[in-house]
Amino acid sequence: MQDITITAPTSGQITVTATAILDDLDDELAECQLTEVTANPNSHNRALWAGSGESAFEVMTQVRSFATGAGSTKTCDSRCRNLDGSSSNFRAGMMTATFTPDP
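In this note's numbering, the protein residues as written are 21 to 123.
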């Protein structure tokens, strides 16, 4: 879907939120993952959404935190794929990142 990059001023946590709408016109099964690597979702930290088979929209949201060091730049990628062999339409994708310094 997209990616977001943030540079941490000090060590802490970067929390990333990704939201999109799945246009599920034909019983779609989609898998998404927030990751620091631009690759297809693997078996870790992934989420699955199943379409209802009707002409409807499903809201998908994921949240993940990453530890980071002072001055470190992190790029987080939101990757999705269709698991049933058809195509998926992802609309209105948006990502935000929040930095929380270590105490």
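For glycine and all other residues, C-beta sits at the position ideal for the given N, C-alpha and C.
Since the model is a prediction, treat every value here as computed from it, not as a measurement.
Secondary structure note for residue 103: it is in no beta strand (DSSP E), with a DSSP letter that is neither H nor E. For residue 27, the closest C-alpha among the options 91, 83, 41 is that of 91. In the three-state DSSP reduction, residue 91 falls in the coil class, being neither helix nor strand. Of the other Cβ atoms in all chains shown, 16 or more fall within 10 Å of the Cβ of residue 88; this residue is therefore buried. Counting along the chain, residue 121 sits inside the beta strand (DSSP E) bounded by residues 109 to 121.
A straight line joining the alpha-carbon of residue 117 with that of residue 31 spans about 15 Å. Between residue 103 and residue 49, the C-beta spacing is below 8 Å.
In the structure shown, residue 85 falls within a strand segment according to DSSP collapsed to helix, strand and coil.
Short of 6 Å from the beta carbon of residue 36, and not among the five residues preceding or following it, lie these beta carbons of its own chain, in chain order: 54, 84, 96, 117.
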